[in-house]
DNA sequence: TCAAGATGATAATACGTATTATCATCTTGA
DNA sequence: TCAAGATGATAATACGTATTATCATCTTGA
């Protein structure tokens, strides 16, 4: 059995009413001031120990105030505190789709995990901007009555971010950070992205070293910056390694057949979720992976798929991107000196699908 | 190419500095007032449509103000509104553990899905209370400087909710809704829960109808309300059906052996995540499920496990619970007449593990 | 022609805290 | 004996919004 002495004391009865029921007033610094015979300012100063810069309060006065604070259980109203401050420590999180997807485990989950982790560490709260009206399945950032300015600013999450939205964020000077690199939008965009070009290049070089002389990139290579970055890295590295290279728009049988017919011996998949489609196609054609054909996955699947192959490729540092996005955000609003356009290294994974090029098939 | 006339005005440059960088000020009602040539009070009145009680503002003045609001994208500072005791359509979401778990797909995900879905529908934003300090792996709701009141109130998520926290929420009159039934805490607790007793009873009755005469509940049956509710339903239904019943504390081999030795022919698992442990034990003992022993899972697994069996039992309406939690919340703060203690029916699942009792083993 | 009512808007204040400039009093030293 | 410095504390103000009492001006009607 739990007993409690006199309940909570940091609520004062309103007026001098009879007793318990009805609304109670918070204890305020004014109350403490009255009790200990000082001014509200003094209470605030003692409470926050701001006795450094010029202001002095006698030790025994301090003690009186502290006693009153202890006796009443006074706690400063965080709301009023925030008001007196410049920022609310509320970070908006904007996503074009639901943060909690109804589908299976989600590509964005690790980013959010990193965000939450860092928010916890930095003592701020995350405001999921769920009030944004939905239009064609996508939330709209700047619809009439947009509440994006409720927060101190926001973190942007999404494979593809609307260009107009970005421009407007920049133009309005709303503090924000994109998770994932973004092209300039009427001004530089703060971001924490993955360094795709470097990661892709490393894999291309590895393929070249393994004797592959003709390789293909499978995917759009444009649209979202993350696609464009991959393709850019692919081309630059292939050119540098003296390897012939091309691009296939989709992981469909026809273009894949054509590529193989032209002597391609390694496929670099922009979208790792395409792995099952490609392996199914390869099996159907009697092609062994990696004996006949090497496979490289450029990142993590954005759609839920189950892949039983140990595919060569790299992992996007999603959790760390989420974490650092908040760091950059605070640097922004605090005007701290720091790099607000960061590319984090991806982690390479050897896997079992990138093997020496089959002999006697080049230039076939 | 997009051109833009004169930029956006939502953030006012501090002083008349050169350009982009540096701290920026929120647009305030004073700014709107200046722009539209009225007083701050007028802006507030127009913004909140407080034109009923005595105060009158000319239609065209209103329009000027509204135009300025639209042009600047002004949104009232939620903190200042809270200080004046206003709501912001911001719902706090408090969880004792991270909302985005680092582990696998999560028991709480469907609740959050429902919450987000309804938030989107109702046009409110969800504030993840990530700022709460962590103590012993659990977030603390009322630590010093708790920011729970930044939100209009909150939704509580968690298997077990701290009793003191609940009491304090009630005592302070903070609007809140628990997802999951809670016992009174110095006052009735608003909740949207699952109707465990009814669901469990239905399964007990089914077992009785299939000839089971001795059944056992596996689990704590106390602690979290959801456990207690299950056990209560179990006992009541078993008694009513004239079936002998008992309880096993954990799904360990020893107590399970004992139960079988005493003639138990059906196990009701409080924690469906225990299914693998129980089936492994059964296999080891050469017991066939369900020929020798029936198995019933009372709900959904709270820990990630893979279950390949089609287990009889029921499903907790988690998504719907999340949805309705928000409904109840708004009913609370709007003072609407509605049931604020709701139990939603669980969905029964026949499965393949609840079969007729084996013959000749009762009272063995 | 002027009192009463209608119309339109604002000044003043509150919410609770943080900070800074200012003030009153005491002490010190020559 | 009094100027300068030290000591101790406060008044005033800001943060951004909501609300109420009050005010100025116009309209109406007899």
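Residue numbers (this note's numbering), protein chains in the order written: chain W, 1 to 364; chain L, 1001 to 1364.
Yeah, the Cβ is synthetic: ideal placement off N, Cα and C, and Gly gets one too.
So, using beta-carbon positions, are residue 186 of chain W and residue 170 of chain W closer together than 8 Å?
-> Taking a C-beta distance under 8 Å as the contact criterion, residue 186 of chain W and residue 170 of chain W qualify as a contact pair.
Cβ of residue 328 of chain W within 8 Å of Cβ of residue 177 of chain W?
-> yes
Could you check how far apart the C-beta atoms of residue 78 of chain W and residue 1150 of chain L are, in whole angstroms? I think they sit under 8 Å.
-> 7 Å
For residue 1174 of chain L, which residues of its own chain have a beta-carbon under 6 Å away from its beta-carbon, when the five flanking residues on both sides are left out?
-> Excluding sequence neighbours, residue 1174 of chain L sits near 1153.
Counting Cβ pairs, one atom from each stretch, are 3 or more of them under 8 Å apart for the region 1280 to 1293 of chain L and the region 1230 to 1237 of chain L?
-> They do not touch, by the three-pair rule.
Whose CA, out of L/1182, L/1139 and L/1157, lies closest to the CA of residue 1167 of chain L?
-> L/1182
Between the region 1118 to 1137 of chain L and chain W, which residues of the former have a C-beta closer than 7 Å to a C-beta of the latter?
-> Residues of the region 1118 to 1137 of chain L with a C-beta atom less than 7 Å from some C-beta of chain W are 1119, 1120, 1123, 1124, 1125, 1126, 1127, 1128, 1129, 1130, 1131 and 1134, listed in chain order.
Of the residues that make up the region 1063 to 1080 of chain L, which ones have a beta carbon closer than 8 Å to any beta carbon in chain W?
-> For the region 1063 to 1080 of chain L, residues whose beta-carbon sits nearer than 8 Å to a beta-carbon of chain W comprise 1070, 1073, 1074, 1075, 1077, 1078, 1079 and 1080.
Got a sec? Which residues, its chain only, sit under 7 Å from residue 1043 of chain L by beta carbon, not counting five neighbours each side?
-> 1029, 1032, 1033 and 1065
For residue 1258 of chain L and residue 366 of chain W, the rounded distance between their alpha carbons = Nothing can be reported for residue 366 of chain W, as the shown portion of chain W is limited to 1 through 364.
Hey, how far is the Cα of residue 1254 of chain L from the Cα of residue 1145 of chain L?
-> 48 Å
Can you tell me whether DSSP reads residue 30 of chain W as helix, strand or coil?
-> In this structure, residue 30 of chain W counts as helix in the three-state DSSP scheme.
Using a Cβ-Cβ cut-off of 8 Å (strictly less than) and excluding sequence neighbours within five positions of residue 1087 of chain L, which residues of its own chain qualify?
-> So the list reads 1081, 1152 and 1333, once near-sequence residues are dropped.
Please determine if the region 1240 to 1254 of chain L and the region 1299 to 1311 of chain L are in contact, where contact requires at least 3 C-beta pairs separated by less than 8 Å.
-> no
Could you tell me if residue 325 of chain W is buried or exposed, where buried requires 16 or more neighbouring beta carbons within 10 angstroms of its beta carbon?
-> buried
Over the uninterrupted beta strand (DSSP E) stretch that includes residue 1178 of chain L, give me the two end residues.
-> 1176 to 1179
May I ask you to check if the CB of residue 156 of chain W is nearer than 7 Å to at least one heavy atom of the ligand ATP?
-> Of the ligands one can find in the structure shown there are none, so the ligand ATP has no counterpart to examine.
What are the residues that DSSP puts in a beta bridge with residue 1248 of chain L?
-> Beta-bridge pairing links residue 1248 of chain L to L/1218.
Going by DSSP, name the residue or residues bridged to residue 314 of chain W.
-> Beta-bridge pairing links residue 314 of chain W to W/298 and W/348.
At least one CB of chain L closer than 8 Å to the CB of residue 49 of chain W: is that the case?
-> no
Test item: CB-CB of residue 1156 of chain L and residue 1179 of chain L under 8 Å = Contact flag set, yes.
Check the Cβ-Cβ distances between residue 156 of chain W and every residue of chain L, and say whether any is below 8 Å.
-> no
Starting from residue 1239 of chain L and walking both ways along the alpha helix (DSSP H), at which residues does that stretch end?
-> 1225 to 1241
Could one say the Cβ of residue 347 of chain W lies closer than 8 Å to chain L's Cβ atoms, at least one of them?
-> no
Exposure of residue 136 of chain W, with buried meaning 16 or more beta-carbon neighbours within 10 Å | By the 10 Å Cβ count, residue 136 of chain W comes out exposed.
Using only alpha-carbon positions, find the residue among L/1214, L/1200 and L/1245 that is nearest to residue 1226 of chain L.
-> L/1200
Comparing alpha-carbon positions, which option in L/1316, L/1038 and L/1083 lies nearest residue 26 of chain W?
-> L/1083
Do the CB positions of residue 1128 of chain L and residue 125 of chain W come within less than 8 Å of each other?
-> yes
Using Cβ-Cβ distances below 8 Å, what residues of the region 279 to 308 of chain W are close to chain L?
-> Shown here is that no member of the region 279 to 308 of chain W has a Cβ falling below 8 Å from a Cβ of chain L.
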